[in-house]
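See below for the structure under consideration.
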Amino acid sequence: MDIHILIYGTVNSVIFALIAVGFTLVYGVSRLPNFAHGALYVLVGFLTWSFIHDLKMNYPVAIILSLIISAFLGAIIYRLVLIRLRGMATSEIIASFAVSLIILEGLRMQGIGGFKGFIGPFYILPPFIEGKMRILGVLIDFQRLIIIGGGLAVVSLLWLFTHHTRIGLSLRGIAQDERAALMLGIDSDRAAVIALSIGSALAGLAAVIILPLGNVTAEAGYRVLIYALAVCIIGGLGSWAGTVLASFVLGFAMIVSTALFGAVWESVVLVGAIILILILRPSGLLGKQKELEERV
Amino acid sequence: MLEIKNLMVFYENAIAINNVNMRCKEGVITGVFGANSAGKSTLMYTISGIILDMKKKEKMRGGERITVLGSITYDGSDILNMKPSERAKKGIILCPERRRIFPESTTLENLKIGGYLATRAQAKKTMEYVFAIFPALRELKGREGGFLSGGEQQMLAIGRALMAQPKLLLLDEPLLGLSPKIEAILARTVKDINRETGITILITEQYARPILPIIDYAYVLENGGAVLEGTSQELMENPDVKSAYFGL
Chain A
1 MDIHILIYGT VNSVIFALIA VGFTLVYGVS RLPNFAHGAL YVLVGFLTWS FIHDLKMNYP
61 VAIILSLIIS AFLGAIIYRL VLIRLRGMAT SEIIASFAVS LIILEGLRMQ GIGGFKGFIG
121 PFYILPPFIE GKMRILGVLI DFQRLIIIGG GLAVVSLLWL FTHHTRIGLS LRGIAQDERA
181 ALMLGIDSDR AAVIALSIGS ALAGLAAVII LPLGNVTAEA GYRVLIYALA VCIIGGLGSW
241 AGTVLASFVL GFAMIVSTAL FGAVWESVVL VGAIILILIL RPSGLLGKQK ELEERV
Chain B
297 MLEIKNLMVF YENAIAINNV NMRCKEGVIT GVFGANSAGK STLMYTISGI ILDMKKKEKM
357 RGGERITVLG SITYDGSDIL NMKPSERAKK GIILCPERRR IFPESTTLEN LKIGGYLATR
417 AQAKKTMEYV FAIFPALREL KGREGGFLSG GEQQMLAIGR ALMAQPKLLL LDEPLLGLSP
477 KIEAILARTV KDINRETGIT ILITEQYARP ILPIIDYAYV LENGGAVLEG TSQELMENPD
537 VKSAYFGL
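Sequence order for the protein chains is A and B. Heads up, the first sequence is in my numbering, so the first residue is 1 and it goes up one at a time. Heads up, the second sequence is in my numbering, so the first residue is 297 and it goes up one at a time.
Here you go:
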């Protein structure tokens, strides 16, 4: 039972991290809360499904194509919508949530141009590799192992990108002090487009890795958005380490509460954790933007 | 290299820069002196284009209306409405007041971020140069910017600006809050940079004394207007300036 909790808790934590990491990236770099994050996640799921079933593409090609589309959509959302609202936090939330509604409700719409709408539990992405194996006596399917590997890969690649590439370093510059970065020739609109593209592609990547565990539904978009928000609020908005830490706190809290009290308590734990953090440490576990003050 | 004509900057109805005319000759160090709120930083923000970003943000929030009038000519073309990133590409790099080091990045990363506009070869060469003129930074490569002392941060800020391959380097109060010893070292280094690389430098300061020996020509700002100008020799001999700005 303990090992069961350890393994499934880890899988669950990595799922949280995968979902939240794109959201954190966008917020960290551009202070933009991208409420369309969950919608892009679901959209990539449906796009991949359609490419496989309607266009008869093979699986990897379908995945890559949907991720590229997702990255482009992120850039378009910024260029067409968010660029007009920079700096007005409430408007950014409302506008990106509107984009989210358009995508998610659009996916459910029927009848236009023979579009049947993605309704019901019929949309399933196949796992990358079929089968299960035993680890320390616990049965686990390969897809869940791929999730762990994928999560590790995404986090380490992002770390490399933001510490050792020119573009990645410029994003961190903008994230820490936008005006100082402007003085060095880094363009904040360009940085935001890059951040949103990568963030949206990461939402899509999370989708294609995680969705084979269940079926693809439009409703999942809202749940994914809430997961991402919960992780970011608990970890500290825009903090990388905080995102990973909060993913593990939430991931394990949910698995433990499910094991002890039953699955109904899942959402109570999620919301309870947010409320607790907002009371005890409003800036999040590792929200440290204010701690390193300049020295005069 | 840089020519400013009839420049006026308003924050709402308050005038921050009042009809300023000035020029920076290529290859020399030009100084701008003035007390707090004389308009030094606004002048720097206007030359580097940051003021356009401030203007956009204020407009978004429905805050102060910022108005910029006049002309700024750089290398023969008018840059008054050019985006800050475009100006940086043309070689106008601002090293801001209070340094604005990236606090969570290490010294090395700060320099690398500064090298955003540089080619790989330029970045490598400039980084070696920065470590040569500020040997202290080499020892602090791995330390986070927020944990450096004021003097170290200022060296890093100048180094970071150099990484961006400036042709016109704007130094906004680089000696602010530093000890006289470090002031002297930095002033000498600024002169060295100018002599060794040929970069044109515009430097602002409240107190003229520490940088007077290194500048070629200077302007005195008061309440947003340029009230005096001259070579450092001429300014030093002016009795008003002596008492007000040089503390003599």
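Every residue gets a Cβ at the ideal spot worked out from N, C-alpha and C, and that includes glycine.
Integer-rounded CB distance, given that residue j should sit under 8 Å from residue i
i      : j      : result
A:A20  : A:I77  : A:A20 to A:I77, Cβ: 18 Å. No contact.
A:L25  : A:I198 : 6 Å
A:G9   : A:F252 : 4 Å
B:M621 : A:R86  : Not covered by the structure: residue 621 of chain B. The range shown for chain B is 297 to 544.
A:L202 : A:G22  : 3 Å
A:L205 : A:L43  : Between A:L43 and A:L205 the Cβ distance is about 13 Å, and since that is not below 8 Å, they are no contact.
A:M183 : B:L390 : 4 Å
A:V269 : A:S257 : 5 Å
A:V154 : A:T48  : The Cβ separation is near 17 Å, so there is no contact.
A:A241 : A:L286 : 5 Å
A:Y123 : A:V224 : About 15 Å; that fails the 8 Å criterion.
A:G137 : A:I3   : 7 Å
Residue i classed as buried or exposed, judged by whether at least 16 other C-beta atoms fall within 10 angstroms
i      : result
B:M340 : buried
A:M109 : exposed
B:R396 : buried
A:E291 : Because A:E291 sits at a pLDDT of 45, beneath the cut-off of 50, its placement in the model cannot be relied upon, and the following sentence gives the value as read from the coordinates. With fewer than 16 Cβ atoms within 10 Å of its Cβ, A:E291 is classed as exposed.
A:D54  : exposed
A:D177 : buried
A:I94  : exposed
A:W159 : exposed
A:G74  : buried
A:E297 : This structure gives no information on residue 297 of chain A, because the portion of chain A shown stretches from 1 to 296.
A:M254 : buried
B:A483 : buried
B:S333 : exposed
A:D115 : Per the sequence shown, the amino acid found at residue 115 of chain A is Phe instead of Asp. Result: exposed.
A:E293 : Model confidence at A:E293 stands at a pLDDT of 42, short of 50, so the residue's coordinates are unreliable and nothing is read from them.
A:E92  : buried
Proximity of residue i and residue j at Cβ, strictly below 9 Å
i      : j      : result
A:S70  : A:L40  : yes
B:V364 : B:I347 : yes
B:L422 : B:L458 : Reading off the sequence shown, one finds Thr at residue 422 of chain B, where the question assumed Leu. Cβ distance < 9 Å, so B:T422 and B:L458 count as in contact.
B:L436 : B:T415 : no
B:K301 : B:I368 : yes
A:I148 : A:V14  : yes
A:F128 : A:I103 : no
A:G38  : A:A228 : yes
B:R361 : B:Y307 : yes
B:K379 : B:G410 : no
A:L211 : A:L278 : no
A:F72  : A:F118 : no
B:M318 : B:E525 : yes
B:L508 : B:L467 : no
A:V271 : A:A175 : no
B:A460 : B:G327 : no
B:V486 : B:I343 : no
B:S381 : A:G185 : yes
B:E469 : B:T500 : yes
B:T493 : B:D512 : no
A:I5   : A:I140 : no
A:L213 : A:R144 : yes
B:L474 : B:G447 : yes
B:P462 : B:I495 : yes
Residues that DSSP places opposite residue i in a beta bridge
i      : result
B:Y503 : Paired residues: none, contrary to the question.
A:R134 : A:L139
B:P438 : Correcting the residue identity first, residue 438 of chain B is Gly in this sequence and not Pro. Partner(s): none; B:G438 has no beta bridge.
B:I368 : B:I300
B:T326 : B:L498, B:Y513
B:A310 : B:Y307
B:G526 : B:A514
A:C232 : Beta-bridge pairing links A:C232 to no other residue.
B:R319 : B:E299
B:L466 : B:L390, B:L498
A:G185 : A:G185 is not bridged to any residue.
B:I362 : B:Y307
A:T217 : A:T217 is not bridged to any residue.
B:D374 : B:T369
B:T402 : B:E440
B:G521 : B:E518
Residue i: contacting residues in chain D (beta-carbon distance under 8 Å)
i      : result
A:A180 : Any reference to chain D falls outside this structure, whose protein chains are A and B.
Hey, is the region 446 to 457 of chain B in contact with the region 419 to 436 of chain B, meaning 3+ C-beta pairs nearer than 8 Å?
Touching, yes, given that three or more Cβ pairs across the two stretches are closer than 8 Å.
I want to know whether the region 513 to 521 of chain B touches the region 307 to 320 of chain B - three or more CB-CB distances under 8 Å.
The region 513 to 521 of chain B is in contact with the region 307 to 320 of chain B.
Does the structure place the region 371 to 378 of chain B close enough to the region 161 to 171 of chain A that three or more beta carbon pairs sit under 8 Å?
Cβ pair count under 8 Å is below three, so no.
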